[in-house]
Amino acid sequence: MQACEGFSGDTEESKSGIALALGGGFSRGFAHLGVLEVLAQERIPISTIVGTSVGALLGAAYAHGISVTDLCDLGRRVHIRDFLRFQSSGRKAEGQRNDCIGQFVQEWFRVKLIEELAVPVSIVATDLDTAAPYVFSRGPLEVAIRASCAFPGLVKPVEHEGHLLADGCIVAPVPTEIAARYNDRHGNGCVLGVNVSSKDTAFASSDNVVRVFDSRYRASNRIAAEPSWRRYVDVLLEPQVHHIEWGDFSRVDEAVAAGAVAMRRALPHIREFLLRHAELPTAPGVPFGGGQGLTL
Numbered sequence: 024m025q026a027c028e029g030f031s032g033d034t035e036e037s038k039s040g041i042a043l044a045l046g047g048g049f050s051r052g053f054a055h056l057g058v059l060e061v062l063a064q065e066r067i068p069i070s071t072i073v074g075t076s077v078g079a080l081l082g083a084a085y086a087h088g089i090s091v092t093d094l095c096d097l098g099r100r101v102h103i104r105d106f107l108r109f110q111s112s113g114r115k116a117e118g119q120r121n122d123c124i125g126q127f128v129q130e131w132f133r134v135k136l137i138e139e140l141a142v143p144v145s146i147v148a149t150d151l152d153t154a155a156p157y158v159f160s161r162g163p164l165e166v167a168i169r170a171s172c173a174f175p176g177l178v179k180p181v182e183h184e185g186h187l188l189a190d191g192c193i194v195a196p197v198p199t200e201i202a203a204r205y206n207d208r209h210g211n212g213c214v215l216g217v218n219v220s221s222k223d224t225a226f227a228s229s230d231n232v233v234r235v236f237d238s239r240y241r242a243s244n245r246i247a248a249e250p251s252w253r254r255y256v257d258v259l260l261e262p263q264v265h266h267i268e269w270g271d272f273s274r275v276d277e278a279v280a281a282g283a284v285a286m287r288r289a290l291p292h293i294r295e296f297l298l299r300h301a302e303l304p305t306a307p308g309v310p311f312g313g314g315q316g317l318t319l
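Heads up, the sequence shown is in the working numbering, so the first residue is 24 and it goes up one at a time.
If you want it as structure tokens, here you go:
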């Protein structure tokens, strides 16, 4: 696994809590905002956000303090043609600079570097030459987000320091392994994965959208047939968004609500896990972003 200058080192500000792994899924990814909103309302500490594709875009935006309301408003105005418009730009450098993802980052982010975000964020792309994850945890924010969201056939791959990078979903649809690596370095937090990409849900009803793994289960052969990223997750959310077409941004509010429902059902498991590992603060955390941001 390659990385852009590696993971950031331990700091006094590092805290254990939820290591959030947000998967790709295009319009369905707005369910991530419902998850994030509930975590903020319940003052559950987030130690890091690791995102792939739309999970990287929304996770970084939220970590920057952009409110869920603003992100939903933006989502409702998205159309698939916004991506197609920039697929065949004249000059390569200009095309990469003026794509719609790049425009969003330039207009909405006040910081240029990933390490300047309010909480640790890692952004996952795919190295097309090695077919391995390329993880940005430091360095240029715009490049990282554009690379992670460079969905094949819609957006051109991004060239960065000799690497040709594309959508992180190719190799890390839910980046739980990177989140687990962060936990290994910073303490015994809970890896919370959010999977919104597949229509083939593992659950038979909307009442069953949370799966809890313990270390013995995750290490056993019982999950050998499941995707490898499930080996690293402690609590997995699969919001009921599989019926939403991947390019249908008219149902943003429905996706957000589904994410919130799944997160609220997972809260008892999350609290139990954090209490068991003595990670839940005894006093309320400090919200940032006017109550819309993360609890640090």
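Note that the Cβ used here is the ideal one computed from N, Cα and C, for glycine as well.
Quick caveat, the model's predicted, so the values are computed rather than measured.
How far does the alpha helix (DSSP H) with residue i in it reach, from first residue to last?
| i | result |
| --- | --- |
| ALA42 | No alpha helix (DSSP H) holds ALA42; the beta strand (DSSP E) holding it covers 41–45. |
| CYS95 | 91–99 |
| ASP207 | 199–209 |
| VAL128 | 123–131 |
| VAL166 | 164–171 |
| LEU81 | 77–86 |
Does the beta-carbon of residue i have 16 or more other beta-carbons within 10 angstroms, so that it is buried, or is it exposed?
| i | result |
| --- | --- |
| HIS55 | buried |
| CYS156 | Note that residue 156 corresponds to Pro in the displayed sequence, not to Cys. So PRO156 counts as buried. |
| ALA289 | buried |
| THR71 | buried |
| GLY47 | buried |
| ASN138 | The sequence given here places Glu at residue 138; Asn does not occur at that position. It counts as exposed. |
| ALA42 | buried |
| THR92 | exposed |
| SER251 | exposed |
| LEU136 | exposed |
| ARG204 | buried |
| GLY176 | exposed |
Quick check on DSSP: helix, strand or coil for residue i?
| i | result |
| --- | --- |
| THR71 | strand |
| SER273 | helix |
| SER50 | helix |
| THR153 | coil |
| PHE296 | helix |
| GLY216 | strand |
| ALA289 | helix |
| ALA281 | helix |
| VAL134 | coil |
| VAL142 | coil |
| ALA63 | helix |
| VAL147 | strand |
| VAL158 | strand |
| VAL10 | Nothing can be reported for residue 10, as the shown portion of the chain is limited to 24 through 319. |
| VAL235 | strand |
| VAL194 | coil |
Where residue i and residue j are concerned, what is the direct C-alpha to C-alpha distance, given to the nearest angstrom?
| i | j | result |
| --- | --- | --- |
| VAL142 | ILE267 | 30 Å |
| THR75 | ARG299 | 29 Å |
| VAL264 | ALA83 | 22 Å |
| TRP131 | GLY98 | 14 Å |
| PHE109 | LEU45 | Below a pLDDT of 50, predicted positions are generally treated as unreliable, and PHE109, at 43, falls in that range; the measurement from the model is reported next regardless. Using only the alpha carbons, I get a separation of about 25 Å. |
| GLY282 | CYS95 | 13 Å |
| HIS292 | VAL258 | 8 Å |
| HIS186 | GLY162 | 15 Å |
| GLN126 | VAL101 | 13 Å |
| VAL284 | VAL275 | 14 Å |
| ASN206 | VAL214 | 8 Å |
| ASP271 | GLU277 | 11 Å |
| HIS209 | PHE53 | 28 Å |
| ALA280 | VAL232 | 13 Å |
| HIS87 | ALA63 | 14 Å |
| ARG253 | THR199 | 7 Å |
Does the distance from the CB of residue i to the CB of residue j come in under 9 Å?
| i | j | result |
| --- | --- | --- |
| ALA167 | ALA148 | yes |
| LEU140 | LEU188 | no |
| ARG294 | ILE67 | yes |
| ASP190 | ALA173 | yes |
| VAL219 | ARG51 | yes |
Just to confirm the assignment, what range does the beta strand (DSSP E) spanning residue i have?
| i | result |
| --- | --- |
| GLU182 | 181–183 |
| ALA189 | 186–190 |
| LEU177 | Note, LEU177: premise wrong, no beta strand (DSSP E); not H, not E. |
| VAL258 | 258–260 |
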